[in-house]
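**Q**
And the structure:
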């Protein structure tokens, strides 16, 4: 699944402002006295330094492995490969810094320190104060998405992960490639009483299957991307606003150097045909079936993957029904759900 409301008491990320407001704020900072600090940019530059030290650490570990290769020619090649990898990873560090600084122009200059007080959130997902129609978290809800060679199933579990006193419901997210389990993730979502839906972390398990194994069973290869608000300085973010407005931008994941996702609202009240750019790669029949002047389109990207972004399309009552990975021209579409009658007749 994966705007400023009128409620002044609603929890909000400190770095969430409109695109126009962010640019104006940066213009003010440029002319302001030296004590006016852009904390978003400061974070980007600090993470660039951290990235460089990590690359250096990886380089010397690679060299240590080269030391233990007996064949001289292979050892020389190993050292050359380590140097090449170091240069490439340093380039990635530079690109990440530039990508983060670009994100600061929409997120704004403030430090990221949201109010994540348990009193602001619902505790019972069977009786939500203000359910978010674009991110329905009713226990038992399921979705199925497909793209070429891949199936993605999601289920809102009757399970609670308690994080800093906040009740976060568990959404089980399973990805199968060519019928084999590729990823199993438990996402943790909290529902604010004002209708904002928050993202509190995820437990990620990435799998790979190997030829020659008997039986051929998925092997856990890493848990990259896992994080939990309140652990190691990680913080919760917004997954979907109660009242999104075009131009809003907010932090979705805040686990520095590990999971750093940003969302921008590209359109609200969207219908197919409104914007040729947003129509790109969108199955027209599906959009026309689910949108009635009420769909929301977002731009989603990770600050760790410069230049890569996806568009997500939301309809009230169901939530995400389409994801378009623009650069790779990958379309992930809703093919089923168990709680909305529209899912029984989705255009295929």
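Numbering (the working numbering), first residue to last: 8 to 355. A virtual CB, placed ideally from N, CA and C, is assigned to each residue, including glycine. No experiment lies behind these values; they were computed from the predicted model shown.
How would you write the range of the alpha helix (DSSP H) that residue 65 sits in, first residue to last?
**A** Where residue 65 is concerned, the enclosing alpha helix (DSSP H) stretches over 46 to 74.
**Q** Return the first residue and the last residue of the alpha helix (DSSP H) that residue 104 is part of.
**A** 79 to 114
**Q** Starting from the C-beta of residue 347, find all residues in its chain whose C-beta is less than 8 angstroms away, skip the five residues before and the five after it, and write them out in chain order.
**A** 324, 325
**Q** Are residue 331 and residue 338 close, meaning C-beta to C-beta below 8 angstroms?
**A** yes
**Q** Taking the DSSP output, what are the residues bridged to residue 193?
**A** 179, 210
**Q** Leaving aside the five residues before and after residue 317 along the sequence, list all residues of the same chain whose C-beta is less than 8 angstroms from its C-beta, in chain order.
**A** 306, 307, 308, 330, 331, 332, 333
**Q** Measure the C-alpha to C-alpha separation of residue 261 and residue 53 and round it to an integer number of angstroms.
**A** 15 angstroms
**Q** Nearest CA to the CA of residue 168: which residue from 126, 236, 320, 49?
**A** 236
**Q** Which value, in whole angstroms, describes the spacing of the CA atoms of residue 71 and residue 78?
**A** 15 angstroms
**Q** Specify whether the segment 122 to 140 and the segment 81 to 93 touch according to this definition: at least 3 beta carbon pairs, one from each stretch, less than 8 angstroms apart.
**A** The segment 122 to 140, when compared against the segment 81 to 93, does not touch it at the 8 angstroms Cβ threshold.
**Q** Nearest by alpha-carbon distance to residue 198: which of 51, 228, 43, 244 is it?
**A** 244
**Q** May I ask which residues mark the beginning and end of the beta strand (DSSP E) holding residue 288?
**A** Segment: none, residue 288 is in no beta strand (DSSP E) and carries neither H nor E.
**Q** By the three-class DSSP mapping on this structure, what secondary structure does residue 152 have?
**A** strand
**Q** Thinking C-alpha only, which one of 201, 68, 99, 76 is nearest residue 58?
**A** Selected option, being the one with the closest Cα: 99.
**Q** So, does the segment 144 to 157 touch the segment 166 to 183, judging by three or more C-beta pairs under 8 angstroms?
**A** yes
**Q** Run through DSSP, which three-state label would residue 296 get?
**A** helix
**Q** Please report the straight-line C-alpha distance between residue 291 and residue 343, rounded to a whole angstrom.
**A** 17 angstroms
**Q** Just curious, the beta strand (DSSP E) that residue 309 is in, first and last residue?
**A** 302 to 309
**Q** Residue 322 and residue 302 - do their beta-carbons sit closer together than 8 angstroms?
**A** yes
**Q** Nearest CA to the CA of residue 340: which residue from 146, 119, 151?
**A** Of 146, 119, 151, the smallest CA-CA separation from residue 340 is found for 151.
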